[in-house]
Structure formats: C-alpha cells, structure tokens
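Numbering (our numbering), first residue to last: 572 to 688.
Let me begin by presenting the structure, written as structure tokens, before commenting on it.
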Amino acid sequence: MSTSNHRRPTMKEIKAYIRQSMTDAVVDALEAMPGIPGVAVTPTYGFGHVVDDGQPARVEMTRLEIEVPDAIADSVVDCVCEHARTGAGHVGDGRIYVTELARTVRIADGAEGEAAF
572 MSTSNHRRPT MKEIKAYIRQ SMTDAVVDAL EAMPGIPGVA VTPTYGFGHV
622 VDDGQPARVE MTRLEIEVPD AIADSVVDCV CEHARTGAGH VGDGRIYVTE
672 LARTVRIADG AEGEAAF
C-alpha cells in the first residue's frame with residue numbers, strides 16, 4: 572500500500588438523500604451509466620423543511636453513496652436530479668452533497684484511486 576504524496580487522480584463522493592419512492596428509478600438510471608462502479612443504498616429517515624403546521628416533518632428517505640472519478644461526477648449528479656425529482660419538483664425531493672475524497676483504497680489488494688473500483 573502506497574503512502575507517498577504523489578498526485579492522485581481526483582475522486583468524488585456523491586451522497587444523495589432521495590424519496591424512497593424514487594429509489595428504483597434512480598438506481599436503475601445510475602446502473603445504466605458507464606463508469607459507475609457501484610452504489611450503496613441505505614434506507615433512512617430524518618426531518619427537514621417546516622410544513623404548514625410549523626412543525627418539522629419526519630420523512631423516510633433513501634441515502635445513496637456513490638464514489639466516482641471527478642470526470643463523471645457532474646453527470647452522476649445530473650442523473651440523480653433528473654430521476655429523483657417528482658414532476659416539477661417538490662419540497663422533500665431530497666438533497667445531493669458532493670465531497671472530494673482524499674484517498675480510496677481497496678482493502679483486498681491495496682489498489683488505490685480509480686484502480687480501487
């Protein structure tokens with residue numbers, strides 16, 4: 572396993588919280604995209620925007636975690652947006668967070684970066 576400071580290719584983690592009812596459509600669309608190594612899908616719940624009665628609403632959501640090369644990160648975000656949006660878009664459709672990964676290592680053999688996929 573290398574710990575040198577040489578420049579590694581930039582990788583992104585895309586974390587999306589979407590409506591559970593949109594999970595299959597989003598995962599199917601991501602599966603059809605070239606270059607997606609995989610998607611972790613986790614049912615979750617939380618609360619967010621205030622609803623009409625002034626109380627936060629608890630909502631069941633799905634969390635998607637996708638690690639990709641920087642070159643396709645924008646396409647992945649666009650894909651999730653397109654397939655997770657309900658009609659014209661509604662409060663509660665979800666959020667997407669994109670962060671840079673400092674390092675990616677495959678445990679089985681120590682491969683790093685894109686090779687770890």
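Cβ coordinates follow ideal geometry from the N, Cα and C atoms, glycine included.
Predicted, not measured: the structure shown is a model, and the values here were computed from it.
Residues of its chain near residue i, where Cβ-Cβ distance is below 6 Å and the 5 sequence neighbours each way are ignored
i, result
"residue 594", "633"
"residue 591", "631 and 633"
"residue 573", "Any answer about residue 573 is weak, because its pLDDT of 49 lies below 50 and its placement is not dependable; what the coordinates show is given next. Nothing listed; no residue qualifies."
"residue 656", "664"
"residue 615", "632 and 634"
"residue 642", "none"
Proximal residues to residue i (C-beta, below 8 Å), its chain only, five neighbours per side dropped
i, result
"residue 640", "580, 581, 582, 583, 606 and 685"
"residue 652", "667"
Neighbourhood of residue i by C-beta distance below 7 Å, restricted to the same chain and skipping five residues each side
i, result
"residue 596", "654"
"residue 648", "585, 667 and 669"
"residue 675", "582, 638, 683, 684 and 687"
Assigned exposure category for residue i - 16 Cβ within 10 Å defines buried
i, result
"residue 589", "buried"
"residue 637", "buried"
"residue 662", "exposed"
"residue 609", "exposed"
"residue 644", "buried"
Nearest-angstrom beta carbon gap, residue j and residue i [assumed within contact, 8 Å]
i, j, result
"residue 600", "residue 650", "5 Å"
"residue 635", "residue 587", "4 Å"
message = Check whether the segment 595-609 and the segment 667-677 touch, using three or more Cβ-Cβ pairs below 8 Å as the test.
response = no
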